[in-house]
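One structure is given here, and the rest of the page talks about it.
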Amino acid sequence: GNIRHFDKKSFYPSTQMLEYFPVTKFVHYYHLDSDGVKEISFFNDVLSNKCCIMKIFIENVKLKSDSITCPYLQFSKVVGAKGKCLQDNGRILSMSGYGIMCVTELDLDILQRQYDFGTIKVIDMYIAERGSFPEPLKECIIDFFKKKEKLPKDSVDYMKSKNHLNAIYGMSVTAIIRDIIVYNFNNGKFEKTQPNEKDGSKQLNEYYDNYNSFMPYQIGIYVTAHCRHALIDLIEKIGYDKFLYRDTDSI
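With the sequence shown counted from 1, adding 96 to any position gets you the working numbering.
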């Protein structure tokens, strides 16, 4: 038939090789309470030149057109959502209410391309300088990719190279703050509790003070953010009227 499929080979590794990433510590740039309400346009310069992680407030949201068949906004990512919300498989088509979510500048760009907002405000923002993925890791990516492409797919070495290639992303998004599991000697059972702020701070300090923790979590965030952005770019080029389905690395 006329249905076609496109799969981007080694999407995460290629993104690590080609796109920008935060290469400095994130520093606090803005907070609504201390700096006052600012229009989104106030942030255009930093959004264009820095890595930005921000908390935003959104209210009265609606897709710009019913022809947008791949809505980006997930209801599960909107914290404290209030009001009537029209969804399609968890994706927000319209919301006559409000909520808060955390995004990068790449996510914000997609949201503004797809949706109209009654209100959209930045509540809190942190910024970092942009730069390339660490060169030693890029060398590893090239090495593992070459081996993966040259080795027989049914060989053990092929699988090892593919696993190593994927692990470069995986080791940057390992959960740092985890549930606390304690053995209760009274009832002989393990009990799981959510870490409080003090526990979370302790786990973060232990992670970043560890010599083996050399992959910042925020690098992993930008790998997936770039991939989502690239997929939406491709879908728009193809045309929403021709788009049927997408996965993490395919259309």
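Glycine included, each C-beta is placed from N, C-alpha and C at the ideal position.
Since we're looking at a predicted model, the values are computed, not measured.
Between the CA atoms of residue j and residue i - distance to the nearest angstrom
{"i": "Leu204", "j": "Leu261", "result": "29 Å"}
{"i": "Met150", "j": "Glu201", "result": "8 Å"}
{"i": "Thr289", "j": "Lys242", "result": "44 Å"}
{"i": "Phe138", "j": "Thr111", "result": "29 Å"}
{"i": "Tyr254", "j": "Asp239", "result": "12 Å"}
{"i": "Lys246", "j": "Leu143", "result": "40 Å"}
{"i": "Tyr307", "j": "Phe339", "result": "46 Å"}
{"i": "Val174", "j": "Asp305", "result": "32 Å"}
{"i": "Asp131", "j": "Asp162", "result": "37 Å"}
{"i": "Pro248", "j": "Lys158", "result": "49 Å"}
{"i": "Lys258", "j": "Ile219", "result": "41 Å"}
{"i": "Cys353", "j": "Arg100", "result": "A question about residue 353 goes unanswered here, because the residues of the chain that appear run from 97 up to 347."}
{"i": "Asn354", "j": "Ile277", "result": "Lying before the first or after the last residue shown, residue 354 is absent from the chain, which here runs from 97 to 347."}
{"i": "Ile347", "j": "Asp337", "result": "13 Å"}
{"i": "Arg209", "j": "Pro291", "result": "37 Å"}
{"i": "Gly57", "j": "Ser190", "result": "Because residue 57 is not part of the residues shown, which for the chain are 97 to 347, the question remains open."}
{"i": "Lys333", "j": "Leu327", "result": "10 Å"}
{"i": "Thr62", "j": "Ala321", "result": "This structure cannot speak to residue 62, because the chain is shown only from 97 to 347."}
{"i": "Leu128", "j": "Val199", "result": "16 Å"}
{"i": "Met145", "j": "Arg342", "result": "Looking at the sequence itself, residue 145 is Asn, so the reference to Met does not match. Roughly 29 Å separates the two Cα atoms."}
{"i": "Met221", "j": "Phe229", "result": "22 Å"}
{"i": "Gly186", "j": "Glu287", "result": "32 Å"}
Bridge partner(s) assigned by DSSP for residue i
{"i": "Met191", "result": "Val157, Cys181"}
{"i": "Lys287", "result": "Sequence inspection shows Glu at residue 287; the Lys mentioned does not correspond to that position. Partner(s): Val278."}
{"i": "Gly296", "result": "DSSP, once it has assigned bridges, lists no residue as partnering Gly296."}
{"i": "Tyr222", "result": "His124, Ile149"}
{"i": "Ile196", "result": "Phe153, Val175"}
{"i": "Pro109", "result": "Per DSSP, none; premise fails for Pro109."}
Classification of residue i by the beta-carbon crowding that lies within 10 angstroms, buried from 16 upward
{"i": "Phe281", "result": "exposed"}
{"i": "Thr270", "result": "exposed"}
{"i": "Gly335", "result": "exposed"}
{"i": "Lys134", "result": "exposed"}
{"i": "Gly195", "result": "buried"}
{"i": "Tyr279", "result": "exposed"}
{"i": "Lys180", "result": "exposed"}
{"i": "Lys294", "result": "exposed"}
{"i": "His325", "result": "buried"}
{"i": "Val123", "result": "exposed"}
{"i": "Lys285", "result": "exposed"}
{"i": "Phe382", "result": "Because the chain spans 97 through 347 in this model, residue 382 falls outside it and cannot be assessed."}
Contact check, residue i vs residue j, beta carbons under 8 Å
{"i": "Ile317", "j": "Gln299", "result": "no"}
{"i": "Tyr126", "j": "Val319", "result": "no"}
{"i": "Arg226", "j": "Cys323", "result": "no"}
{"i": "Ser358", "j": "Tyr313", "result": "Given that the chain is displayed from residue 97 to residue 347, the structure contains no residue 358 and the question cannot be resolved."}
{"i": "Asp329", "j": "Lys104", "result": "no"}
{"i": "Pro118", "j": "Ile315", "result": "yes"}
{"i": "Ile154", "j": "Phe171", "result": "no"}
Supposed close pair residue i, residue j - CB separation, criterion 8 Å
{"i": "Asn207", "j": "Leu169", "result": "Note that residue 207 is Leu in the sequence shown, not Asn. About 6 Å; that satisfies the 8 Å criterion."}
{"i": "Lys178", "j": "Asp212", "result": "About 19 Å separates the two Cβ atoms, so there is no contact after all."}
{"i": "Met197", "j": "Ile152", "result": "6 Å"}
{"i": "Ser297", "j": "Tyr303", "result": "Rounded, the Cβ-Cβ distance is 11 Å, inconsistent with contact."}
{"i": "Tyr223", "j": "Ile136", "result": "It should be pointed out that residue 223 corresponds to Ile in this sequence rather than to Tyr. Not quite, the Cβ-Cβ distance comes to about 15 Å (not below 8 Å), so this is no contact."}
{"i": "Asn156", "j": "Ser192", "result": "6 Å"}
{"i": "Asn113", "j": "Lys234", "result": "According to the sequence provided, residue 113 is Met. The question's Asn does not apply to it. Yes, they are in contact, since the Cβ atoms of Met113 and Lys234 sit about 6 Å apart, within 8 Å."}
Any non-hydrogen atom of the ligand SAM within 7 Å of residue i CB
{"i": "Tyr194", "result": "You won't find the ligand SAM in this model; it holds no ligand whatsoever."}
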